[in-house]
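Remarks on the structure that follows.
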């Protein structure tokens, strides 16, 4: 893989991280449970840090790093707002939407890791993928708990 392809791959992941940051922030604004709000804010910070790490690597590779999210992420955040309005901004609705966002992030990281990348960059992406997986699993567990609580 050449430097331009590596930079493109990293910039796509920066957009993904920015989408996560903005999505978690938006969900935190609507969360009712303070623990869920704090979780969303912590995950937003994790995404911001991951984006910053990738931006540094892009600059080291001689590229111009992305500094915003994707159009798809903007649409998703808009959907979070619409769904939240329709659902009364329940914590369950916010958990479902953030899990959907993390599903997309997982897919993008897995796709990036199928490409030929320098080993040092691959190592960074593998660590970040583990963080995305951890976020996803934590959100899914909370979502399942809230679903169970609503049916009892």
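Numbering (my numbering), first residue to last: 843 to 994. We put the beta carbon where it would ideally sit given N, CA and C, even for glycine.
Asked: Integer Cβ distance of residue 853 from residue 895, believed to fall under 8 Å; Found: The Cβ separation is near 13 Å, so there is no contact.
Asked: Rounded straight-line distance, which links the Cα of residue 887 to that of residue 936; Found: 17 Å
Asked: Per-residue DSSP class, three states only, for residue 977; Found: helix
Asked: Alpha helix (DSSP H) segment containing residue 958, residue limits; Found: Run containing residue 958: none; DSSP gives neither H nor E here.
Asked: Option in 885, 848, 994, 859 with minimal Cα separation from residue 947; Found: 859
Asked: Residue 983 burial status per 10 Å Cβ neighbour count (16 or more: buried); Found: exposed
Asked: Touching by the beta-carbon criterion (3+ pairs, under 8 Å), the region 858 to 872 and the region 938 to 946; Found: yes
Asked: Three-state secondary structure (DSSP) of residue 873; Found: coil
Asked: Three-state class that DSSP yields for residue 931 in the structure shown; Found: coil
Asked: Through-space distance from residue 902 to residue 951, alpha-carbon basis; Found: 20 Å
Asked: Rounded C-alpha distance that separates residue 959 from residue 848; Found: 7 Å
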